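Engineer: This is the structure I want to talk about, given as structure tokens.
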Amino acid sequence: MKQFINNRKNNGGWIKIVAGIFLLLLFIFVLNLFSSPIRNIFYSLTLPIQKVFNDSGKNTASLFSSILNIKNIQEQNEYLNNENQRLLAKMSMMQEYQEENQAVKDILLCSQEEDFKFILTDIIGFDSNYDIITISKGKNDGILENMPVISSQKVLFGRVLKVYNNFSQVMLISNKNSSVDVKIGNMLDENKADTGVLKGLGNLNSYIDLIPNDLEVLPEQTVFTSALEGIFPKGLIIGKINSAEKNDLKPFQKASVDLFLDPKKSDKLFVITNYLKDK
Amino acid sequence: MSFKIIFFTIFFFILAIIQARFLTYFSIWGSNLNLVFISFFVYIFFNNKRSSVQYIVNQNIYFALLIGFLLDCFSALPFGVNVISYLIIGFFIKKMQYNLAEKSDNLPISYFVLLFIITFIFNELFLALSFYIFNDIYFVNLNWFLLISFLYNLIIACFIFYVFKKLQIKK
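Taken in sequence, the protein lines are chains A and B. Position one of the first sequence corresponds to residue 9 (this note's numbering), numbered consecutively onward. Position one of the second sequence corresponds to residue -4 (this note's numbering), numbered consecutively onward.
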């Protein structure tokens, strides 16, 4: 009799556990069924608090980093002063090439700027674990997945990963899943520029792979988009070459890149809305 | 609903926003402080007195669901990943505590550190596996980043443990 009661108690416990698991799965299923509106409502309701914490985080971090890097700033300042003088000297030497270069530049700028429509947006969140930022514009503003996101200085940040009604998530080019066709070298004469594929390393770092081994990649060379993958327009600035890693046994070389993007210092970004549609 | 539940609901809500929007700017070598995980762990670890077992279990389930939901809202993963992870962690801590409690003092630091190591690594691996399965972003760093992240979080967790322990002794 006692065993019978125990068995019944055990059965009751198992039924509770199974029912609990079933309810949990149902709960998760419903959440995923309405994933987009749930996330959108959550973001819309908490946006003011999120903005407050995001802005204060950004400001506090930049304050700390400037205190911690005061020595570096002094060194950087000195380096920039020297660089400035060097560039001024170079500029006067290059004056004669200005006219012919201007024509090429104009064509490039026309193809880049005049046809594109931008949407101005704020960064409302940055996930440093996965190199994803959240921006304040979404489906309601005409944003679609894979649209390129740039800064006012035409620095490429990444592409729109997920779109919700009132906000979007942007995958930075430093994200490990990101892969962008790039050119290295002279922006004004693309024939002189080397090609490669920029791959994300996470934590705001990237490197360029698949650079042909016979090409010479030098530090400080500019890296910009080549538009081969069809997501990003050509000529968007990405960063500077830090160092190149050449191995004669391999057909391609790699190069580490100092990216210009910095979500911690940028507030406003632009989404190019018509590049994908045109494609 | 008791005052304690309401207080901790608001507390975890604000903490989730702080973690997603504030602490993300203070990473050390790419590792972030997982304050929500630490707080949930400490809450579950110390939530074992003056109530019936069923009441504690219900509370733990409620907070695991709440925290999981909040973290899933900020995550690029489908809903449910953090919910399941936190539910498993909550059950595991309680189960281990009931098994270990008979042997010695109820809340020694050694149990705390041991359980923290197991649950933290489980949480990281579970998230990494989820990212891999859903192939949304990438397989999370499971190299020295995990070690730094683990040490960073463990130090803060131990500090919070001593604060809670002192508060408990005072009570």
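Glycine residues also receive a C-beta, built at the ideal position from the N, C-alpha and C atoms. All values derive from a computational prediction rather than experimental measurement.
If we count the other Cβ atoms within 10 Å of its Cβ and call it buried at 16 or more, is residue 153 of chain A buried or exposed?
Structural biologist: So residue 153 of chain A counts as exposed.
Engineer: According to the neighbour-count rule (16 or more other Cβ atoms, all chains shown, within 10 Å of its Cβ), is residue 56 of chain A buried or exposed?
Structural biologist: So residue 56 of chain A counts as exposed.
Engineer: Taking the C-alpha atoms as reference points, what is the distance between residue 148 of chain B and residue 129 of chain B?
Structural biologist: Roughly 26 Å separates the two Cα atoms.
Engineer: With a threshold of 16 other CB atoms inside 10 Å of the CB of residue 94 of chain A, please say whether the residue is buried or exposed.
Structural biologist: So residue 94 of chain A ends up on the exposed side.
Engineer: I'd like the span of the beta strand (DSSP E) that includes residue 253 of chain A, first residue to last.
Structural biologist: Residue 253 of chain A -> beta strand (DSSP E) spans 245 to 253.
Engineer: Please list, in chain order, the chain A residues whose beta carbon lies closer than 7 Å to that of residue 22 of chain B.
Structural biologist: Here the neighbours are 136.
Engineer: Ignore the nearest five residues each way along the sequence and tell me which others in residue 258 of chain A's own chain have a CB closer than 8 Å to its CB.
Structural biologist: Excluding sequence neighbours, residue 258 of chain A sits near 221.
Engineer: For residue 263 of chain A, does the three-state DSSP call read helix, strand or coil?
Structural biologist: Looking at residue 263 of chain A - three-state DSSP - the assignment turns out to be strand.
Engineer: So with Cβ pairs under 8 Å, would you call residue 25 of chain B a contact of chain A?
Structural biologist: Chain A, which has a Cβ nearer than 8 Å to the Cβ of residue 25 of chain B, makes this yes.
Engineer: Judging by CA-CA distance, which residue of A:54, A:229, A:241 is the nearest neighbour of residue 166 of chain A?
Structural biologist: Of A:54, A:229, A:241, the residue nearest in Cα terms is A:241.
Engineer: Looking at residue 19 of chain B and residue 27 of chain B, is the spacing between their C-beta atoms short of 8 Å?
Structural biologist: The answer is yes: Cβ separation under 8 Å.
Engineer: For residue 87 of chain B, go through chain A and note every residue whose CB falls closer than 9 Å to its CB, in chain order.
Structural biologist: In chain order: nothing, as chain A lies at least about 15 Å away.
Engineer: How is the alpha helix (DSSP H) around residue 4 of chain B delimited, first residue to last?
Structural biologist: Where residue 4 of chain B is concerned, the enclosing alpha helix (DSSP H) stretches over -2 to 16.
Engineer: Look up residue 177 of chain A in the DSSP assignment and give the residues it is bridged to.
Structural biologist: Paired residue(s): A:142, A:170.
Engineer: Considering only C-alpha positions, which residue in the set A:204, A:38, A:157, A:217 is nearest to residue 269 of chain A?
Structural biologist: It is A:157 whose Cα lies nearest to the Cα of residue 269 of chain A.
Engineer: Give the range of the alpha helix (DSSP H) segment to which residue 114 of chain B is assigned.
Structural biologist: Note, residue 114 of chain B: alpha helix (DSSP H), 104 to 129.
Engineer: On the DSSP bridge assignment, give the partners of residue 156 of chain A in chain order.
Structural biologist: DSSP, once it has assigned bridges, lists A:167 as partnering residue 156 of chain A.
Engineer: Does the region 50 to 65 of chain A come close enough to the region 125 to 137 of chain A to have 3 or more Cβ pairs within less than 8 Å?
Structural biologist: Contact holds: three or more Cβ-Cβ distances are below 8 Å.
Engineer: Would you kindly report the start and end of the unbroken beta strand (DSSP E) that includes residue 23 of chain B?
Structural biologist: Residue 23 of chain B -> no beta strand (DSSP E), and no H or E assigned at all.
Engineer: State the start and end residues of the unbroken alpha helix (DSSP H) segment that holds residue 204 of chain A.
Structural biologist: That residue, residue 204 of chain A, is in no alpha helix (DSSP H); its beta strand (DSSP E) goes 202 to 210.
Engineer: Straight-line CA distance for residue 38 of chain B to residue 71 of chain A?
Structural biologist: Using only the alpha carbons, I get a separation of about 33 Å.
Engineer: Should residue 76 of chain B and residue 120 of chain B be called a contact, given that it needs their Cβ atoms to be closer than 8 Å?
Structural biologist: No.
Engineer: Less than 8 Å between the CB atoms is what I'm expecting for residue 175 of chain A and residue 146 of chain A, so what's the real figure, rounded?
Structural biologist: At roughly 5 Å, the Cβ-Cβ gap stays under 8 Å, so residue 175 of chain A and residue 146 of chain A are in contact.
Engineer: Which partner residues of residue 133 of chain A appear in the DSSP bridge assignment?
Structural biologist: Its beta-bridge partners are A:142.
Engineer: With DSSP as the reference, label residue 164 of chain B as helix, strand or coil.
Structural biologist: Helix at residue 164 of chain B.
Engineer: So the alpha helix (DSSP H) residue 40 of chain B belongs to, where does it begin and stop?
Structural biologist: Looking at the DSSP string, the run of the alpha helix (DSSP H) that includes residue 40 of chain B is 30 to 41.
Engineer: Assign residue 43 of chain A to one of three DSSP states: helix, strand, or coil.
Structural biologist: In the structure shown, residue 43 of chain A sits in a helix (DSSP, three-state: H, G or I).
Engineer: Which residues in the same chain as residue 199 of chain B place their Cβ atom closer than 8 Å to its Cβ, once the five residues preceding and following it in sequence are excluded?
Structural biologist: Because chain B here runs from -4 to 166, residue 199 of chain B falls outside it and cannot be looked at.
Engineer: Please classify residue 59 of chain B as buried or exposed, where buried requires at least 16 neighbouring CB atoms within 10 angstroms.
Structural biologist: That one is buried.
Engineer: Roughly how many whole angstroms lie between the Cα atoms of residue 170 of chain A and residue 62 of chain B?
Structural biologist: Each residue's Cα considered, the two are about 22 Å apart.
Engineer: Tell me, which residues are paired with residue 280 of chain A by DSSP?
Structural biologist: According to DSSP, which records beta bridges pairwise, residue 280 of chain A is partnered with A:126.
Engineer: Against chain B, with Cβ distances strictly below 8 Å, would residue 170 of chain A count as a contact?
Structural biologist: Chain B contact via Cβ: present.
Engineer: Quick check: is the beta carbon of residue 53 of chain A nearer than 8 Å to any beta carbon in chain B?
Structural biologist: Residue 53 of chain A does not count as touching chain B.
Engineer: Note down, in chain order, every chain A residue with its Cβ under 8 Å from the Cβ of residue 74 of chain B.
Structural biologist: Within 8 Å Cβ-Cβ: 36, 39, 40, 43, 46.
Engineer: Between A:246, A:141, A:180, which lies nearest to residue 191 of chain A when the distance is taken from Cα to Cα?
Structural biologist: Among A:246, A:141, A:180, the Cα nearest to that of residue 191 of chain A belongs to A:246.
Engineer: Chain A beta carbons: is any one of them nearer than 8 Å to that of residue 78 of chain B?
Structural biologist: Closer than 8 Å: yes.
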